[in-house]
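So the sequence shown is numbered by the working numbering: it starts at 1 and just counts up by one. In this text, a Cβ means the ideal position worked out from N, Cα and C, and glycines have one as well. The structure presented is a predicted model; accordingly, all values stated were derived computationally and were not measured.
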Amino acid sequence: MELRLILRMLRRRWWLIVVPVVVAVVLTLPQFLNRGTAISGGFYTSLRYTAAQETSNLPNRDGDFQDVWLASEYVVNAFTDWVRSRSFRAELESLVPDTVDVGALVVRADNDRSIGQIELEHPDAEQLTEIANAMLDILETRSQDYFPHLGGQAAQVAVIDSPVIVPQSPPLTNRFGPIIQWGVALLGGLMLAVIVEYLDPTLHHADELQTMGVRVLSKVPRY
Numbered sequence: 001m002e003l004r005l006i007l008r009m010l011r012r013r014w015w016l017i018v019v020p021v022v023v024a025v026v027l028t029l030p031q032f033l034n035r036g037t038a039i040s041g042g043f044y045t046s047l048r049y050t051a052a053q054e055t056s057n058l059p060n061r062d063g064d065f066q067d068v069w070l071a072s073e074y075v076v077n078a079f080t081d082w083v084r085s086r087s088f089r090a091e092l093e094s095l096v097p098d099t100v101d102v103g104a105l106v107v108r109a110d111n112d113r114s115i116g117q118i119e120l121e122h123p124d125a126e127q128l129t130e131i132a133n134a135m136l137d138i139l140e141t142r143s144q145d146y147f148p149h150l151g152g153q154a155a156q157v158a159v160i161d162s163p164v165i166v167p168q169s170p171p172l173t174n175r176f177g178p179i180i181q182w183g184v185a186l187l188g189g190l191m192l193a194v195i196v197e198y199l200d201p202t203l204h205h206a207d208e209l210q211t212m213g214v215r216v217l218s219k220v221p222r223y
């Protein structure tokens, strides 16, 4: 019985359900069909490097080179924190052209003992290339300004994996956003139909009279 009433209501109020969905489809269809840069996940690059203090600035060694490797690990540890700092971002802004939006840059850095890794994300591929090149320049030439124990000389930096710019996959919210919006519009249409049906005082079927306790003696066929 309840299912039959629901089906009647859906058949009677179908246009209230369809209209929000049609509006949502019209508004989001261009976004759904366009899989270009408008909804791309931006661009990504990473680089791995090693770094060490200039040999002439190391204390006198007696025996093996274990202290040299340990010093290199300390330098990479320091660089991992440095590249995430505001001062490093300020250095980037001073090197790249004004058209490059450093504020949109996402930086992640980590290290595995003496090997450091930097991951960069940016919405624009050309700007990310400018930033990656500037970052290498800063690592190779300006570390002595921030780490006095380097003895006034920039640390030696060797790049293991050069940065390669690659596009990222769009986030799930972008890829399925239009479909989610269509589902929300459908749910909104169903809720609207239920509200209108509840507020409508019109009687449409004999069953509704019987529910109110009114006896139905006869019915006039629609056709």
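C-alpha of PRO148 to C-alpha of ASP124: approximately 35 Å in a straight line. Scanning ASP207, GLU73, LEU186 for the CA closest to the CA of LEU16 turns up LEU186.
For GLY116, the enclosing beta strand (DSSP E) covers residues 115–122. The beta-carbon separation of GLU126 and GLN168, rounded to 15 Å, does not stay under the 8 Å limit for a contact. By the beta-carbon neighbour count (other beta carbons within 10 angstroms, threshold 16), GLN53 is buried. In summary, PHE176 is exposed, with fewer than 16 beta-carbon neighbours lying within 10 Å of its beta-carbon over all protein chains present. In this structure, the alpha-carbon of LEU150 lies about 11 Å from that of TYR74.
When the Cα atoms are used, THR202 and LEU27 turn out to be separated by approximately 34 Å. If you ignore the 5 residues before and after MET9, its C-beta comes within less than 8 Å of the C-beta of ALA193, VAL194, GLU197, all in its own chain and listed in chain order. Rounded to the nearest whole angstrom, the C-alpha separation of SER114 and ASN77 is 8 Å.
Rounded to the nearest angstrom, the gap between the Cα atoms of THR80 and ALA51 is 11 Å. Taking 8 Å as the cut-off, the beta carbon of THR141 is found no closer than this to the beta carbon of ILE165. In its chain, beyond the 5 residues on either side, THR45, LEU47, ALA132 have a beta carbon closer than 6 Å to the beta carbon of PRO163. One alpha carbon belongs to ARG84, the other to ASP101, and they sit about 16 Å apart.
Bridge partners of PHE43 according to DSSP: HIS122, PRO167. Secondary structure note for GLN53: it is in no alpha helix (DSSP H), with a DSSP letter that is neither H nor E.
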